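A.B. asks:
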Amino acid sequence: MTCFPFFSKGSSSSRQDPDIDEGIQNVRIFTYKELIKATDDFSPANKIGEGGFGSVYKGRLKNGKFAAIKVLSAESRQGVKEFLTEINTIAEIQHENLVKLYGCCVERNNRILVYNYLENNSLAQTLLGGGHSSLYFDWRTRCGICIGVARGLAFLHEEVRPLIVHRDIKASNILLDKDLTPKISDFGLAKLIPPNMTHVSTRVAGTLGYLAPEYAIGGKLTRKADIYSFGVLLVEIVSGRNNTNSRLPIEEQFLLERAWQLYERKELVGLVDPSLNGEFDAEQACKYLKIGLLCTQESPKLRPSMTSVVKMLTGKMDADDRKITKPALISDFMDLKVRKNQESNIDTTYNTSSASENQDSTMTSSAPSTSVTTFSTAQYDQSM
Ligand SMILES: Nc1ncnc2c1ncn2[C@@H]1O[C@H](COP(=O)(O)OP(=O)(O)OP(=O)(O)O)[C@@H](O)[C@H]1O
Ligand SMILES: [Mg+2]
Numbered sequence: 001m002t003c004f005p006f007f008s009k010g011s012s013s014s015r016q017d018p019d020i021d022e023g024i025q026n027v028r029i030f031t032y033k034e035l036i037k038a039t040d041d042f043s044p045a046n047k048i049g050e051g052g053f054g055s056v057y058k059g060r061l062k063n064g065k066f067a068a069i070k071v072l073s074a075e076s077r078q079g080v081k082e083f084l085t086e087i088n089t090i091a092e093i094q095h096e097n098l099v100k101l102y103g104c105c106v107e108r109n110n111r112i113l114v115y116n117y118l119e120n121n122s123l124a125q126t127l128l129g130g131g132h133s134s135l136y137f138d139w140r141t142r143c144g145i146c147i148g149v150a151r152g153l154a155f156l157h158e159e160v161r162p163l164i165v166h167r168d169i170k171a172s173n174i175l176l177d178k179d180l181t182p183k184i185s186d187f188g189l190a191k192l193i194p195p196n197m198t199h200v201s202t203r204v205a206g207t208l209g210y211l212a213p214e215y216a217i218g219g220k221l222t223r224k225a226d227i228y229s230f231g232v233l234l235v236e237i238v239s240g241r242n243n244t245n246s247r248l249p250i251e252e253q254f255l256l257e258r259a260w261q262l263y264e265r266k267e268l269v270g271l272v273d274p275s276l277n278g279e280f281d282a283e284q285a286c287k288y289l290k291i292g293l294l295c296t297q298e299s300p301k302l303r304p305s306m307t308s309v310v311k312m313l314t315g316k317m318d319a320d321d322r323k324i325t326k327p328a329l330i331s332d333f334m335d336l337k338v339r340k341n342q343e344s345n346i347d348t349t350y351n352t353s354s355a356s357e358n359q360d361s362t363m364t365s366s367a368p369s370t371s372v373t374t375f376s377t378a379q380y381d382q383s384m
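Quick note: the sequence shown uses full-length UniProt numbering, first residue 1, plus one each step.
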């Protein structure tokens, strides 16, 4: 593990606070004033997005570099010391497929993270953005993205100490640099939120589709929950579509369900993104989709580790000798009223009956307008 060469030298205000001095080792501390300057006073014109943790602004730092400046929302604030301890852990981590944390700002009530700015936005806004992006993802590029994300996740799961379960692997958390190298963002961020705090996501319909049922419903968090989310993402990248699309005919709306149907009919190749115009390696594409199904198996034990996934994606391990059973579909675990409601034009409502019996782990969501996901206590089991 490599440490960042950042040390707090520049900020006189931070040096006056003994808490901060104790907290920082590897992370650069920015003053609030510096960040105001970088973002033109957090001008709406510089706002590039908003997620469950707060708003993100594009800014230009004193050294001329662009940065993505994430202002954590009030609910996610924690004490300076705890915050800096966590930030130190994140700042120490460096990998080609992980977004680099430049530093942070902890002045007064502000909790702000400063990241390397990625030029080509996220997979959600480009590949899966419904044609709003001018980027074209050919088959080779997609393979590179799948392998890169898998490597980044394998690093978090198997090399970093203490290991990190991301908890929110999804297309909007995969950012792309100028060469379309994928970088996983927001790793370690869940730890900055006190465990009893609610993570409010603005895109729960999407997030919901990435959640391993045992985590969503039982609150059991292991690396295998990330591997499930990765499997969904893998199928999205190959098919070029979101995991849920209510505008499609009912039997095609849920991507994993569709993948399983086609797998059973030995027609998996039919799921590959039509915008590739047939220019792809069909055998490899089907293998990638099968790996996606393996990662989303109902039993977490049947899901391969991320290291094995990297080996399978790069052809260093056989993927065909593994038996594939039906993937875990969140709809199978829920009293899912989506279809019925759509027929009667009522608001789409997911209702987890088993979750509501379990006070420790609830997840309710009303999609699409008032999307809220609540995770009360997700136990973190490092043994898997
Ligand atoms: N380092 C970065 N470089 C460029 N754009 C970024 C960067 N970090 C975030 N963004 C942009 O800001 C948007 C919002 O990011 P944010 O992480 O806050 O929300 P999210 O990923 O949609 O949801 P979540 O809070 O669950 O992660 C992203 O969709 C991305 O386009
Ligand atoms: Mg994010």
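From the three backbone atoms N, C-alpha and C, an ideal C-beta is built for every residue, glycine too.
Predicted model only: the values in this text are computed from it and were never measured.
Do you know how far the Cα of G152 is from the Cα of I291?
C.D. replies: Those two C-alpha atoms are separated by around 17 Å.
A.B. asks: Would you call the CB atoms of L313 and A150 closer than 8 Å?
C.D. replies: In contact: L313 and A150 (Cβ atoms closer than 8 Å).
A.B. asks: Let me know the alpha helix (DSSP H) ranges lying completely inside the region 97-147, each 4 residues or longer, listed in chain order.
C.D. replies: As far as the region 97-147 is concerned, it has no whole alpha helix (DSSP H) run of at least 4 residues.
A.B. asks: Let me make sure I understand the geometry here. Which of G49, D138 and N110 has the alpha-carbon closest to that of Y117?
C.D. replies: Measuring from the Cα of Y117, the nearest candidate turns out to be G49.
A.B. asks: Using only CA atoms, which one of F83, L98, Y102 and G130 lies nearest to R108?
C.D. replies: Here the closest residue by C-alpha is F83.
A.B. asks: Would the C-beta of D186 count as close to ligand 2, meaning under 7 Å from any of its heavy atoms?
C.D. replies: D186 Cβ: within cutoff of ligand 2.
A.B. asks: Taking only the alpha-carbon atoms, compute the straight-line gap between Q94 and K224 and give it to the nearest angstrom.
C.D. replies: Each residue's alpha carbon lies about 22 Å from the other.
A.B. asks: Run the proximity test for D315: is its beta-carbon closer than 7 Å to any non-hydrogen atom belonging to ligand 2?
C.D. replies: Reading off the sequence, residue 315 comes out as Gly, not Asp. No; taking the cut-off as 7 Å, the Cβ of G315 has no heavy atom of ligand 2 nearer than that.
A.B. asks: Take G23 and list the residues in its own chain whose beta-carbon comes closer than 6 Å to its own, dropping the five residues that flank it on each side.
C.D. replies: Legend: pLDDT at G23 = 48, less than 50; position of this residue unreliable, value from coordinates given subsequently. Cβ neighbours of G23 beyond the five flanking positions: K81 and L84.
A.B. asks: DSSP on D335, reduced to helix/strand/coil?
C.D. replies: Here D335 scores only 48 on pLDDT, less than 50, and its place in the model should not be relied on; the value that follows carries that caveat. D335 falls in the strand class under three-state DSSP.
A.B. asks: Please report the distance separating the alpha-carbon of N63 from that of I29.
C.D. replies: Their Cα atoms are separated by approximately 14 Å.
A.B. asks: Which term fits L166, buried or exposed, when burial requires 16 or more other beta carbons within 10 angstroms of its beta carbon?
C.D. replies: Reading the sequence as shown, one finds His at residue 166 and not Leu. It is buried - the Cβ of H166 has at least 16 other Cβ atoms within 10 Å.
A.B. asks: Identify every run of the alpha helix (DSSP H) within the region 262-311, keeping only runs that are complete inside it and at least 4 residues long; order them along the chain.
C.D. replies: Counting whole runs of 4 or more residues, the region 262-311 contains the alpha helix (DSSP H) stretches 282-295.
A.B. asks: Could you pull the start and end residues of the beta strand (DSSP E) that residue 404 belongs to?
C.D. replies: One cannot answer for residue 404 here, as it falls past the ends of the chain, which runs 1 to 384.
A.B. asks: Taking only three categories from DSSP, how would you classify G209?
C.D. replies: In this structure, G209 counts as helix in the three-state DSSP scheme.
A.B. asks: From the DSSP secondary-structure annotation, give me the bridge partner or partners of T244.
C.D. replies: F254, per the DSSP bridge assignment.
A.B. asks: What is the DSSP secondary structure of R322, counted as helix, strand or coil?
C.D. replies: It is coil, neither helix nor strand.
A.B. asks: Taking its Cβ as the centre, do 16 or more other Cβ atoms sit within 10 Å of residue 386, making it buried, or is it exposed?
C.D. replies: The first residue shown for the chain is 1 and the last is 384, placing residue 386 beyond what the model contains.
A.B. asks: Quick test of your reading: residue 425 and F53, contact by CB under 8 Å. State the CB separation rounded to the nearest angstrom.
C.D. replies: Any property of residue 425 remains undetermined from this structure, which presents the chain solely from 1 to 384.
A.B. asks: Can you give me the C-alpha to C-alpha distance between L234 and R303, rounded to a whole angstrom?
C.D. replies: Those two C-alpha atoms are separated by around 14 Å.
A.B. asks: How would you call D168, buried or exposed, if buried means at least 16 neighbouring beta carbons within 10 angstroms?
C.D. replies: Result: buried.
A.B. asks: How many whole angstroms separate the CB atoms of D226 and H132, which I take to be in contact at a CB cut-off of 8 Å?
C.D. replies: The pair is not a contact, with the Cβ atoms about 28 Å apart (cut-off 8 Å).
A.B. asks: For A38 versus I69, is the C-beta distance shorter than 8 Å?
C.D. replies: Against a cut-off of 8 Å, the Cβ pair of I69 and A38 comes out as a contact.
A.B. asks: Would you say Q125 touches ligand 1, meaning its beta carbon is less than 7 Å from a heavy atom?
C.D. replies: Checking every heavy atom of ligand 1 against the Cβ of Q125, one is found closer than 7 Å.
A.B. asks: Does at least one heavy atom of ligand 1 sit under 7 Å from the Cβ of K287?
C.D. replies: Outside the cutoff, so no.
A.B. asks: Alpha carbon to alpha carbon, how far is N46 from Y136? Give it in angstroms, no decimals.
C.D. replies: Between Y136 and N46, the C-alpha separation is close to 25 Å.
A.B. asks: Give me the Cα-Cα distance between V27 and L98, rounded to the nearest whole angstrom.
C.D. replies: V27 and L98: Cα-Cα distance of roughly 16 Å.
A.B. asks: Let me know the secondary structure DSSP gives G152 once reduced to three states.
C.D. replies: Correct three-state label for G152: helix.
A.B. asks: When DSSP builds the beta bridges, which residues end up paired with K70?
C.D. replies: According to DSSP, K70 bridges with V56 and L113.
A.B. asks: Please tell me whether, using a cut-off of 7 Å, the distance from the CB of G129 to the nearest non-hydrogen atom of ligand 2 is below it.
C.D. replies: Not so, every heavy atom of ligand 2 lies at least 7 Å from the Cβ.
A.B. asks: Is it buried or exposed, S43, if we count other Cβ atoms within 10 angstroms and call 16 or more buried?
C.D. replies: Looking at its Cβ environment, which holds fewer than 16 other Cβ atoms inside 10 Å, S43 is exposed.
A.B. asks: Once DSSP output is grouped into helix, strand and coil, what is the label at L175?
C.D. replies: Of the three classes helix, strand and coil, the one that applies to L175 here is strand, per DSSP.
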